[in-house]
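So the sequence shown is numbered by numbering that gives the first Met the number 0: it starts at 0 and just counts up by one.
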Amino acid sequence: MRVIGIDPGLRNLGWGVIDVDGARLAHVGNGVCCSVGADLAARLLSLHVQLSEIMARFGPDAAAVEQTFVNKDGAGTLKLGQARGIAMLVPAQAGLSVGEYAPNKVKKTVVGVGHADKNQVAHMVRLQLPGANLAGPDAADALAIAICHAHHLQSTGHYDAALKKAEAKRMSA
């Protein structure tokens, strides 16, 4: 099964793709979509186009996005929420349900500590995905989201259902 994790951001949207085979995880790809454009609509469109190309290139079977936490800057939180909408829309357009995880849940799953810093997350992602060349902190976070989703699918019994759906998709292609 192939899983994409997405770390939403208006400037930099991180993405990471892994293959899951039972308990084995393998790095497939990672990167950062950088928004371009003078206004918000153009920036959101550029993220949509880039993420759509990544979805088409890698063909994931499952997707997960980090939940937005509310901070003191209300306008910033709203803009991040719009980027998060793109991060959820693109996989949904590909027919995938999208898992959502709080940042602390992702860190707890990958690092073992809910308040780990970005360096600790990147270190543990490298340990769990040997040979992965991380495109930056946003890509490392996206891979951590994918890892968290893979573990969650396995522990909740959704793994078998997702596998069957992935097999059916491959057979019809």
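Backbone N, C-alpha and C define an ideal beta-carbon position, used for all residues, glycine too.
Anyone know if the C-beta pair for P136 and A86 falls short of 8 Å? no
Please report the Cβ distance between A139 and A121, rounded to the nearest whole angstrom; I am assuming they are in contact, meaning their Cβ atoms lie under 8 Å. Confirmed, Cβ separation roughly 4 Å.
Rounded C-alpha distance that separates V109 from E52: 27 Å
In angstroms, rounded to a whole number, what distance separates the CA positions of H26 and V124? 10 Å
Host alpha helix (DSSP H) of D140 (start-end): 136-154
Please report the Cβ distance between A16 and P59, rounded to the nearest whole angstrom; I am assuming they are in contact, meaning their Cβ atoms lie under 8 Å. Note on residue identity: the sequence assigns Val, not Ala, to residue 16. Confirmed, about 6 Å.
Looking only at its own chain, which residues have a Cβ that is under 6 Å from the Cβ of G80, when we skip the five neighbours before and after it? If we look at G80 and ignore the five residues flanking it on each side, its Cβ neighbours are T67.
By how many angstroms is the C-alpha of G84 removed from the C-alpha of G111? 28 Å
Taking Cβ to Cβ, would you say L12 is nearer than 8 Å to R42? The answer is no: Cβ separation not under 8 Å.
Please report the distance separating the alpha-carbon of P129 from that of L24. Straight-line Cα distance between these residues: approximately 9 Å.
Could you work out which residue in A82, G28, L133 is closest to L44 when comparing CA atoms only? A82
Would you check if the distance between the CB atom of H150 and the CB atom of A61 is smaller than 8 Å? The answer is no: Cβ separation not under 8 Å.
Starting from the Cα of I5, find the closest Cα among F57, E65, L39, K164 and give me that residue. E65
Do A145 and A91 have their C-beta atoms within less than 8 Å of each other? no
Is L126 helix, strand or coil when you go by DSSP? helix
Give the DSSP-derived three-state secondary structure of G174 in the structure shown. Outside the modelled stretch of the chain, which goes from 0 to 172, sits residue 174, for which no answer is possible.
What's the gap between the Cα of S154 and the Cα of A141? 20 Å
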